[in-house]
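Taking the numbering used here, the leading residue of the sequence shown gets 186, the next gets one more, and so forth.
All C-beta atoms in this analysis are idealised placements derived from N, C-alpha and C, irrespective of residue type, glycine included.
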Amino acid sequence: LLAAGSPEWDSRLVRSAVSYLTRTALKPSPFAGLATVGVPGGRAGRAVSSSRTVALALLRALAEDPDGPSSLPVVRNPGLRVVGERVYGLLPVYTRARGVFFRDDELTDCGTAAAWSRLPSGPVPLARAAELMDVPLRTARRMIATGLLLPATPWSIHDGRHFTALAWQATDEVAGMEEGLAELPAQERVTGSAACGRALAGAFPRPPSWLASVPLFHEVVAHGGAARGPDERLERVARTLTPGVRRLALYDRLVEFFLHRHGPGGTAPDLLAFCYDFLTTVGLDPFAPDRHSAARSGLGGHGTLGAAMSTVFYLIARWAVVPELHDALAGTVTGWLAERHPGCRVYQWSAHADWVDFQRPALTTLPYVSWSAETAAEGVTDLRGFTLRHDPGTGTLQAADQTGHPAALAYLGAVPPSLMRGVDKIVHTLGDPWAAFPPGGDEPGHSPRVEHDGVVYRRERWRLTSADLPRPEGDLVGFLAEAERRRAELGLPAELFLHQHAPAARPDKPQWLSFDHPLTVWTALRQVRPDATRIDLVEALPGRHGHAGEHATEYGVMLRHG
Numbered sequence: 186l187l188a189a190g191s192p193e194w195d196s197r198l199v200r201s202a203v204s205y206l207t208r209t210a211l212k213p214s215p216f217a218g219l220a221t222v223g224v225p226g227g228r229a230g231r232a233v234s235s236s237r238t239v240a241l242a243l244l245r246a247l248a249e250d251p252d253g254p255s256s257l258p259v260v261r262n263p264g265l266r267v268v269g270e271r272v273y274g275l276l277p278v279y280t281r282a283r284g285v286f287f288r289d290d291e292l293t294d295c296g297t298a299a300a301w302s303r304l305p306s307g308p309v310p311l312a313r314a315a316e317l318m319d320v321p322l323r324t325a326r327r328m329i330a331t332g333l334l335l336p337a338t339p340w341s342i343h344d345g346r347h348f349t350a351l352a353w354q355a356t357d358e359v360a361g362m363e364e365g366l367a368e369l370p371a372q373e374r375v376t377g378s379a380a381c382g383r384a385l386a387g388a389f390p391r392p393p394s395w396l397a398s399v400p401l402f403h404e405v406v407a408h409g410g411a412a413r414g415p416d417e418r419l420e421r422v423a424r425t426l427t428p429g430v431r432r433l434a435l436y437d438r439l440v441e442f443f444l445h446r447h448g449p450g451g452t453a454p455d456l457l458a459f460c461y462d463f464l465t466t467v468g469l470d471p472f473a474p475d476r477h478s479a480a481r482s483g484l485g486g487h488g489t490l491g492a493a494m495s496t497v498f499y500l501i502a503r504w505a506v507v508p509e510l511h512d513a514l515a516g517t518v519t520g521w522l523a524e525r526h527p528g529c530r531v532y533q534w535s536a537h538a539d540w541v542d543f544q545r546p547a548l549t550t551l552p553y554v555s556w557s558a559e560t561a562a563e564g565v566t567d568l569r570g571f572t573l574r575h576d577p578g579t580g581t582l583q584a585a586d587q588t589g590h591p592a593a594l595a596y597l598g599a600v601p602p603s604l605m606r607g608v609d610k611i612v613h614t615l616g617d618p619w620a621a622f623p624p625g626g627d628e629p630g631h632s633p634r635v636e637h638d639g640v641v642y643r644r645e646r647w648r649l650t651s652a653d654l655p656r657p658e659g660d661l662v663g664f665l666a667e668a669e670r671r672r673a674e675l676g677l678p679a680e681l682f683l684h685q686h687a688p689a690a691r692p693d694k695p696q697w698l699s700f701d702h703p704l705t706v707w708t709a710l711r712q713v714r715p716d717a718t719r720i721d722l723v724e725a726l727p728g729r730h731g732h733a734g735e736h737a738t739e740y741g742v743m744l745r746h747g
């Protein structure tokens with residue numbers, strides 16, 4: 186396209202090409218359309234799934250449409266709880282911003298409980314739900330739009346074949362596409378995916394504006410194992426990080442609030458209602474994501490409160506969707522969680538799994554628990570009936586499931602806990618309130634790399650303001666000359682990641698740039714927001730030439746601090 190069209194250097198096409206090429210070359214993702222590849226043979230070595238976002242959007246559109254079928258099964262929002270004399274619930278708001286799909290759960294006063302008491306806990310046809318609540322069918326459809334009613338999905342929470350499950354309700358043209366496309370050559374795969382997109386667009390009463398830009402299929406592929414794994418340095422890394430482990434201040438405030446409501450040794454009969462009570466009384470605004478305090482009883486944890494450790498379970502568990510990897514990974518993660526929560530029945534959860542593809546749970550060996558829209562899918566344990574009690578001996582809060590057995594709620598999702606809000610944030614904090622801060626300061630200006638025994642704990646960083654960087658305006662040559670001058674003044678390496686922070690903006694992913702490739706510098710600095718409070722320039726490790734082998738391996742590890 187670039188060669189044929191000869192576009193201007195500052196055109197949108199050039200900027201998009203630079204962005205896509207750097208992203209594809211530096212960090213391909215199994216969730217991105219650009220990284221979807223075909224692997225001949227070996228069905229057990231790959232997992233193909235379709236877009237959960239598109240499937241749920243179509244299902245909701247059919248249920249909300251005035252001319253849509255009235256036989257679609259729906260369930261009442263499982264998050265409805267009585268708090269005082271009012272009914273509160275988490276009403277899901279499905280949205281997309283900057284190419285990322287997410288769901289906001291708004292804690293809302295939903296009035297009195299009279300209408301909801303007439304609905305069963307399980308799914309019923311939409312028309313029957315309207316009859317039971319004594320409201321017109323159009324009112325019941327509006328309840329789906331607001332989140333008071335949820336369409337029951339024909340796929341389970343673990344299943345990735347959404348289009349096949351949806352075929353009987355929407356269009357049979359998409360049935361079997363997940364497996365069918367995986368067997369086709371590359372060009373036929375592109376053609377088949379386009380045909381599937383047209384079929385889906387035709388099934389929507391009003392296709393969403395983002396439909397054409399969303400990858401319809403994803404593929405996760407396994408290959409041969411690495412030659413060697415992490416070594417004994419991991420124990421030294423854990424010991425080095427342990428002095429910097431802190432407990433979030435939010436956990437201590439939850440304990441204090443619980444004692445105020447239920448007293449020492451008391452029990453909250455509904456864990457979710459306790460979360461609502463805390464949010465409507467105290468809220469999360471006073472608790473910044475990184476605010477912490479020294480642990481009052483060490484790092485060992487107890488029951489629901491897991492021992493302090495550093496790991497990202499999602500980075501390991503996500504590969505369990507590949508059949509030949511599932512059992513080994515499931516055994517590893519399940520063993521870690523059992524060790525972390527001795528005596529507890531462990532439940533997994535992940536925020537927004539009904540809407541976001543990469544939040545779909547991968548492990549089938551652990552029960553999945555939810556309290557929001559995910560509960561409308563098959564194979565989900567409702568948080569209803571879970572209790573929370575105070576343990577006077579340890580000063581911790583302990584959960585129990587519907588049977589009274591001690592329970593741990595383990596987060597295996599992809600969204601970083603620091604970005605969580607509301608009930609998600611509280612539930613995560615109850616089980617894992619720990620944060621490990623690496624050695625070295627966090628001051629403005631230049632911070633050198635912190636490295637011991639070949640392990641990098643903190644990359645070299647330059648913390649600047651937007652005024653410290655040249656802005657790409659008009660003269661490209663003049664801008665590049667100024668950028669090179671600033672690079673020399675600051676002593677910047679050739680390759681960097683740029684990460685900007687603005688008070689009213691969602692965090693952006695770091696942007697890679699190389700002073701050896703002028704368009705990447707121009708593209709990255711052009712995206713700096715005028716209201717950015719700080720700009721972090723961080724060294725790229727490893728750089729493009731910093732690894733001797735053709736392939737680099739990323740390991741998922743667990744470091745024990747408690």
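Among GLN533, ARG237, ARG231, VAL422, which one has its Cα closest to the Cα of HIS347?
Numbered from 1 along the sequence shown, position 162 holds the residue referred to as residue 347. Per the Cα distances, ARG237.
Helix or strand or just coil, what does DSSP make of ASP638?
Counting from one through the sequence shown, the residue named residue 638 turns up at place 453. DSSP places ASP638 in coil when its eight states are reduced to three.
Whether or not the segment 613–629 and the segment 481–492 are in contact is what I'm after, with contact meaning three or more pairs of Cβ atoms, one per stretch, closer than 8 angstroms; do they touch?
yes
Quick one, are the C-beta atoms of TRP647 and LEU675 less than 8 angstroms apart?
Your numbering for residue 647 matches position 462 in the sequence shown. Your numbering for residue 675 matches position 490 in the sequence shown. Yes. Within cutoff.
Residue environment, ALA585, which counts as buried when at least 16 other CB atoms sit within 10 Å:
Position 400 of the sequence shown, counted from the start, is the residue given in the question as residue 585. Burial call: buried.
Indicate whether THR349 and GLU368 have their beta-carbon atoms separated by less than 8 angstroms.
The residue you call residue 349 lines up with position 164 of the sequence shown. The residue you call residue 368 lines up with position 183 of the sequence shown. Contact flag unset, no.
Three-state class that DSSP yields for PHE700 in the structure shown:
Indexing the sequence shown from 1 puts residue 700 at position 515. Coil.
Give a yes or no on whether the C-beta atoms belonging to TYR461 and ARG266 are separated by under 8 angstroms.
Walking along the sequence shown from the start, residue 461 turns up at place 276. Walking along the sequence shown from the start, residue 266 turns up at place 81. Result yes, Cβ atoms of TYR461 and ARG266 sit closer than 8 angstroms.
Coarse secondary structure for HIS403, derived from DSSP in three states
By 1-based counting over the sequence shown, the position of residue 403 is 218. Three-state DSSP puts HIS403 in a strand.
Please classify SER610 as buried or exposed, where buried requires at least 16 neighbouring CB atoms within 10 angstroms.
Taking the sequence shown and counting its residues from 1, the one referred to as residue 610 is at position 425. Here residue 610 is Lys; the residue named in the question, Ser, does not match the sequence. Label assigned to LYS610: buried.
Go to GLY607, then tell me how far its beta strand (DSSP E) extends in each direction, as first and last residue.
For the purposes of this step, residue 607 is identified with residue 422 of the sequence shown, where counting begins at 1. Where GLY607 is concerned, there is no enclosing beta strand (DSSP E), although the alpha helix (DSSP H) it sits in stretches over 607–616.
Cα-Cα, which of GLY269, GLY253, TRP697, SER302 is closest to ARG261?
Here residue 261 corresponds to residue number 76 of the sequence shown, with the count starting at 1. Per the Cα distances, SER302.
For TYR740, count neighbouring C-beta atoms within 10 Å of its own C-beta (all shown protein chains included) and say buried if the count is 16 or more, exposed if not.
Looking up residue 740 in the sequence shown gives position 555. Exposed: under 16 other Cβ atoms inside 10 Å.
Taking DSSP as the reference, what is the three-state secondary structure of ALA621?
The count along the sequence shown starts at 1 and reaches residue 621 at position 436. Correct three-state label for ALA621: strand.
Reduced DSSP secondary structure (H/G/I, E/B, other) of GLY450
Counting from one through the sequence shown, the residue named residue 450 turns up at place 265. Residue state, collapsed to three classes: coil.
Let me know the secondary structure DSSP gives ASP567 once reduced to three states.
For this step, residue 567 is matched to residue 382 along the sequence shown. Three-state result, ASP567: strand.
If we ignore side chains and look at the alpha-carbon of each, how far apart do THR496 and LEU597 end up?
On the sequence shown, residue 496 is found 311 positions in, with the first residue counted as 1. On the sequence shown, residue 597 is found 412 positions in, with the first residue counted as 1. Straight-line Cα distance between these residues: approximately 11 angstroms.
With a CB to CB cut of under 6 angstroms and the five nearest residues on each side skipped, what residues in its chain are close to GLY570?
Counted from its first residue, the sequence shown places residue 570 at position 385. These residues qualify, in order along the chain: GLN587.
Quick check on DSSP: helix, strand or coil for TRP534?
Locating residue 534 in the sequence shown gives position 349, where the first residue counts as 1. If DSSP states are grouped into helix, strand and coil, TRP534 belongs with the strands.
Determine the closest residue to ALA202 out of LEU726, LEU704, LEU744, with distance taken between C-alpha atoms.
Numbered from its first residue, the sequence shown carries residue 202 at position 17. Closest option to ALA202, Cα to Cα, is LEU704.
Taking 8 angstroms as the limit between beta carbons, can you name the residues of its chain near SER398, skipping five residues before and five after?
Taking the sequence shown and counting its residues from 1, the one referred to as residue 398 is at position 213. Closer than 8 angstroms at the Cβ level, and outside the excluded window around SER398, lie GLY284.
Residues that LEU276 bridges to, as DSSP identifies them:
Numbered from 1 along the sequence shown, position 91 holds the residue referred to as residue 276. In DSSP, LEU276 forms a bridge with GLU291.
Out of curiosity, what's the CA-to-CA distance linking PRO602 and HIS447?
One-based indexing of the sequence shown puts residue 602 at position 417. One-based indexing of the sequence shown puts residue 447 at position 262. Looking at the two C-alpha atoms, the distance is approximately 27 angstroms.
Would you say ALA240 and LEU351 are within 8 angstroms of each other, going by their C-beta atoms?
On the sequence shown, position 55 is the one that residue 240 refers to. On the sequence shown, position 166 is the one that residue 351 refers to. Contact flag set, yes.
Quick check on PRO339: buried or exposed, where buried means 16 or more other Cβ atoms within 10 Å of its Cβ?
Position 154 of the sequence shown, counted from the start, is the residue given in the question as residue 339. Under this definition PRO339 is a buried residue.
I need the straight-line Cα distance from ASP437 to LEU582, nearest angstrom please.
Position 252 of the sequence shown, counted from the start, is the residue given in the question as residue 437. Position 397 of the sequence shown, counted from the start, is the residue given in the question as residue 582. Their Cα atoms are separated by approximately 10 angstroms.
Under DSSP, the beta strand (DSSP E) around GLU724 begins and ends at which residues?
As a first step, residue 724 must be located in the sequence shown, where it is residue number 539. First-last of the beta strand (DSSP E) with GLU724: 719–724.
Below 8 angstroms between beta carbons: does that hold for ILE720 and SER651?
Along the sequence shown, one-based indexing puts residue 720 at 535. Along the sequence shown, one-based indexing puts residue 651 at 466. Against a cut-off of 8 angstroms, the Cβ pair of SER651 and ILE720 comes out as a contact.
For ALA595, report the span of its beta strand (DSSP E) as first-last.
Position 410 of the sequence shown, counting from 1, holds the residue named residue 595. Its beta strand (DSSP E) spans residues 591–596.
Relative to the C-alpha of LEU681, which residue among ALA668, ALA725, TYR553 is closest?
Walking along the sequence shown from the start, residue 681 turns up at place 496. Checked all of ALA668, ALA725, TYR553; the closest Cα to LEU681 is ALA725.
First and last residue of the uninterrupted alpha helix (DSSP H) at ALA388
On the sequence shown, residue 388 is found 203 positions in, with the first residue counted as 1. 371–388 is the extent of the alpha helix (DSSP H) around ALA388.
Cβ contact (3+ pairs, closer than 8 angstroms) linking the segment 523–542 and the segment 309–319
no
Three-state secondary structure (DSSP) at GLN587?
Translated into the one-based positions of the sequence shown, residue 587 becomes position 402. Looking at GLN587 - three-state DSSP - the assignment turns out to be coil, as it is neither helix nor strand.
Helix, strand or coil: how does DSSP classify MET743 here?
Start at 1 with the first residue of the sequence shown, and residue 743 comes out as number 558. Looking at MET743 - three-state DSSP - the assignment turns out to be coil, as it is neither helix nor strand.
Classify TRP556 as buried or exposed, calling it buried when 16 or more other Cβ atoms lie within 10 Å of its own Cβ.
One-based indexing of the sequence shown puts residue 556 at position 371. By the 10 Å Cβ count, TRP556 comes out buried.
Distance, Cα to Cα, PRO393 vs ASP539?
Taking the first residue of the sequence shown as 1, we reach residue 393 at position 208. Taking the first residue of the sequence shown as 1, we reach residue 539 at position 354. So the alpha carbons of these two residues sit roughly 18 angstroms apart.
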